[in-house]
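Protein chains: 2
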Amino acid sequence: MREERRGELLATAAEVFAAQGYNATTVRQIADAAGMLAGSLYYHFASKEAMVDEILTAFLDELWAGYDAVLAAGLGPRETIEALVTESFREIDRHHAAVAIYQKEARHLADRHPRFGYLADARRRFARAWLGTLERGVADGVFRTDLDIRLTYRFVRDTVWVAASWYRPGARHSPEEIARQYLSMVLDGIALRD
Amino acid sequence: MREERRGELLATAAEVFAAQGYNATTVRQIADAAGMLAGSLYYHFASKEAMVDEILTAFLDELWAGYDAVLAAGLGPRETIEALVTESFREIDRHHAAVAIYQKEARHLADRHPRFGYLADARRRFARAWLGTLERGVADGVFRTDLDIRLTYRFVRDTVWVAASWYRPGARHSPEEIARQYLSMVLDGIALRD
DNA sequence: CTCCTTCCCTAACAAGTGTTTGGTAGGTTA
DNA sequence: TAACCTACCAAACACTTGTTAGGGAAGGAG
Numbered sequence: 001m002r003e004e005r006r007g008e009l010l011a012t013a014a015e016v017f018a019a020q021g022y023n024a025t026t027v028r029q030i031a032d033a034a035g036m037l038a039g040s041l042y043y044h045f046a047s048k049e050a051m052v053d054e055i056l057t058a059f060l061d062e063l064w065a066g067y068d069a070v071l072a073a074g075l076g077p078r079e080t081i082e083a084l085v086t087e088s089f090r091e092i093d094r095h096h097a098a099v100a101i102y103q104k105e106a107r108h109l110a111d112r113h114p115r116f117g118y119l120a121d122a123r124r125r126f127a128r129a130w131l132g133t134l135e136r137g138v139a140d141g142v143f144r145t146d147l148d149i150r151l152t153y154r155f156v157r158d159t160v161w162v163a164a165s166w167y168r169p170g171a172r173h174s175p176e177e178i179a180r181q182y183l184s185m186v187l188d189g190i191a192l193r194d
Numbered sequence: 001m002r003e004e005r006r007g008e009l010l011a012t013a014a015e016v017f018a019a020q021g022y023n024a025t026t027v028r029q030i031a032d033a034a035g036m037l038a039g040s041l042y043y044h045f046a047s048k049e050a051m052v053d054e055i056l057t058a059f060l061d062e063l064w065a066g067y068d069a070v071l072a073a074g075l076g077p078r079e080t081i082e083a084l085v086t087e088s089f090r091e092i093d094r095h096h097a098a099v100a101i102y103q104k105e106a107r108h109l110a111d112r113h114p115r116f117g118y119l120a121d122a123r124r125r126f127a128r129a130w131l132g133t134l135e136r137g138v139a140d141g142v143f144r145t146d147l148d149i150r151l152t153y154r155f156v157r158d159t160v161w162v163a164a165s166w167y168r169p170g171a172r173h174s175p176e177e178i179a180r181q182y183l184s185m186v187l188d189g190i191a192l193r194d
């Protein structure tokens, strides 16, 4: 099957991109990892850019499907944050290579080629989802009011996504367990209450 | 003065590296930003690698000077964490380009060339300083005991250093103010206590 | 058997890469 | 004045990069 082979190649490409960085990765390295020659990749893909493009869009599409489901569920602010965090860690589990690539290269890709404009869109959409929920939580009195909300947003956002840099699927903790502990730290802190 | 010019060139190189990534940056771009031609850089530096090397070592040397001072002060676990975080944000303020480079390229550089072995050393030293303090805090009963300590370590570490990806010197908040709010979130959480 | 599609290889291309070599304007020293 | 050092330029080098063109083996369809 044609689509199947593309998927395999994209998976190995994503792995190499995540490990070495997009720019540091050569087409020949991807071909090596896939057991073929560099030129042969161009039977399946139009360019190196097209590969990252497809990797990132596939990831973002699935991510937003999950996020939209959460946001449409009509939960309270705290429960929404909890659900978003859990969904994020599940996504890191499923697409850990794509997430790592997104983390490292998104900004650079976005303002280099208009082709990747959707990455900037995704960032704005992220901000709306997370910041909106946080603001709602502050208004509802479930989150603290003495914090700079934008600082809090970046704190929560980064806290979640950096995990992709060290998380490897099939590790000691399941995504849900990691999400539970992360949420516990973010919501209640690491200091012991007296 | 000779050293002075080198310092200027390293500063502009660091800025370009931080903005575009090490591999995506060409020597000609650095030379452009410095107002000279590519070859002329090689009067001052042996190679492109030597530039990042010098940028990173200068940053790490200063960082460890600060860390060691904190660790030698004989503070309690909570005060040590607070001091380390504050010191880290000061370092992000002073060396924000170097920190951004370290964040993005350290792992990749470390396992590519033995020249950058000190980056792996730095990571181990980081772990000892942070993890040790956290363990001491758990033993002393100032930090929670129900969390995976290694997860907590990565949480605190990443939480602090990702800030380099968005922080720009001279922004709304001073390093000390950011450190204060970060510490407040990490230690006490963002949820409102009842 | 023949035709056609799928999937890959061989071989090369042009552009861009880090780096080197030889030279030179201008200031400092003797 | 002469010798010298500093800081740069001009031009090229060898190599790697992403990409392309043409071809061919394998296998299913008619």
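Residue numbers (UniProt numbering), protein chains in the order written: chain A, 1 to 194; chain B, 1 to 194.
Backbone N, C-alpha and C fix where the C-beta goes; we use that ideal spot for every residue, glycine too.
All figures in this text were calculated on a predicted structure; none of them were measured in a lab.
1) Between the Cα of Y118 (chain B) and the Cα atoms of B:G39, B:E15, B:G7 and B:L56, which residue gives the shortest distance?
2) Under a CB-based cut-off of 9 Å, is G21 (chain A) close to chain B?
3) Which chain B residues sit within Cβ distance under 7 Å of Y102 (chain A)?
4) Indicate the three-state DSSP secondary structure (helix, strand or coil) for F89 (chain A) in the structure shown.
5) Using a C-beta cutoff of 9 Å, does Y67 (chain A) count as contacting chain B?
6) Which stretch, first to last residue, makes up the alpha helix (DSSP H) that contains V160 (chain B)?
7) Using a C-beta to C-beta distance shorter than 9 Å, which residues of chain A count as neighbours of residue 196 (chain B)?
8) Could you pull out every residue in the same chain whose Cβ sits closer than 7 Å to the Cβ of I190 (chain B), ignoring the five residues on either side in sequence?
9) Please classify A191 (chain B): does DSSP put it in a helix, a strand, or coil?
10) Does DSSP classify F116 (chain A) as helix, strand or coil?
11) Output needed for R28 (chain B): all residues of its chain with C-beta closer than 6 Å, excluding positions within five of it in sequence on either side, in chain order.
12) So I55 (chain B) contacts chain A; which residues on that side make the cut at Cβ distance below 7 Å?
13) Name the one or two DSSP bridge partners that F126 (chain A) has.
14) What whole-angstrom Cβ distance do I30 (chain A) and V16 (chain A) have, given they're in contact under 8 Å?
15) Under a CB-based cut-off of 9 Å, is S165 (chain A) close to chain B?
16) Could you tell me which chain A residues have their CB closer than 9 Å to the CB of H108 (chain B), listed as they occur along the chain?
17) Within 9 Å (strictly less), CB to CB, does I92 (chain B) reach chain A?
18) Use the C-beta contact count for D158 (chain A): other C-beta atoms within 10 angstroms, 16 or more gives buried, fewer gives exposed.
19) Here's the rule I'm using: 16 or more other beta-carbon atoms within 10 Å means buried, otherwise exposed. How should R124 (chain A) be labelled?
20) Count the other C-beta atoms from every protein chain shown that fall within 10 angstroms of the C-beta of E177 (chain A), then say buried if there are 16 or more, exposed otherwise.
21) Taking Cβ positions, are L183 (chain A) and E87 (chain A) nearer each other than 9 Å?
22) Please state if the CB of A122 (chain B) and the CB of H108 (chain A) are separated by a distance shorter than 9 Å.
23) Quick test of your reading: A18 (chain B) and I101 (chain B), contact by CB under 8 Å. State the CB separation rounded to the nearest angstrom.
24) Against chain A, does R78 (chain B) count as a neighbour if the rule is that its beta carbon must be under 9 Å from one of theirs?
25) Could you list the residues in the segment 125-145 of chain B with a C-beta less than 7 Å from some C-beta on chain A, going in chain order?
26) Taking the alpha helix (DSSP H) that A73 (chain A) belongs to, which residues open and close that run?
27) Report whether the distance from the Cβ of I101 (chain B) to the nearest heavy atom of the ligand FAD is below 8 Å.
28) Do you know how far the Cα of H96 (chain A) is from the Cα of D194 (chain A)?
29) Which residues in the same chain have their Cβ closer than 7 Å to the Cβ of R6 (chain A), if we skip the five residues on either side of it in sequence?
30) Once DSSP output is grouped into helix, strand and coil, what is the label at F17 (chain B)?
31) Assuming D188 (chain B) and Q181 (chain A) are in contact, meaning their beta carbons sit under 8 Å apart, how far apart are those beta carbons, in whole angstroms?
32) Does chain A have any CB closer than 9 Å to the CB of Q181 (chain B)?
33) Please state whether the Cβ-Cβ distance between F89 (chain A) and V138 (chain A) is less than 9 Å.
34) Between T12 (chain B) and the rest of its own chain, which residues show a CB-CB distance below 6 Å, the 5 nearest in sequence each way excluded?
35) Going along chain B, which residues have a C-beta under 7 Å from V162 (chain A)?
36) On the criterion of 16 or more Cβ atoms from any shown chain inside 10 Å, does E4 (chain A) qualify as buried, or is it exposed?
Taking the structure as given:
1) B:L56
2) yes
3) Chain B residues near Y102 (chain A): none, gap ~13 Å exceeds 7 Å.
4) helix
5) no
6) I149 to W161
7) Only positions 1 to 194 of chain B appear in this structure, which leaves residue 196 (chain B) out of reach.
8) none
9) strand
10) helix
11) A38
12) Chain A residues near I55 (chain B): none, gap ~18 Å exceeds 7 Å.
13) Partner(s): none; F126 (chain A) has no beta bridge.
14) 5 Å
15) yes
16) A19, Q20, G21 and A24
17) no
18) buried
19) exposed
20) exposed
21) no
22) no
23) 5 Å
24) yes
25) G141, V142, F143 and R144
26) Unbroken run through A73 (chain A): none, as it is neither H nor E.
27) The ligand FAD is absent from the structure shown, which contains no ligand whatsoever.
28) 38 Å
29) H44
30) helix
31) Actually they are not in contact, since the Cβ atoms of D188 (chain B) and Q181 (chain A) sit about 17 Å apart, beyond 8 Å.
32) yes
33) no
34) A33 and A34
35) D158 and V162
36) exposed
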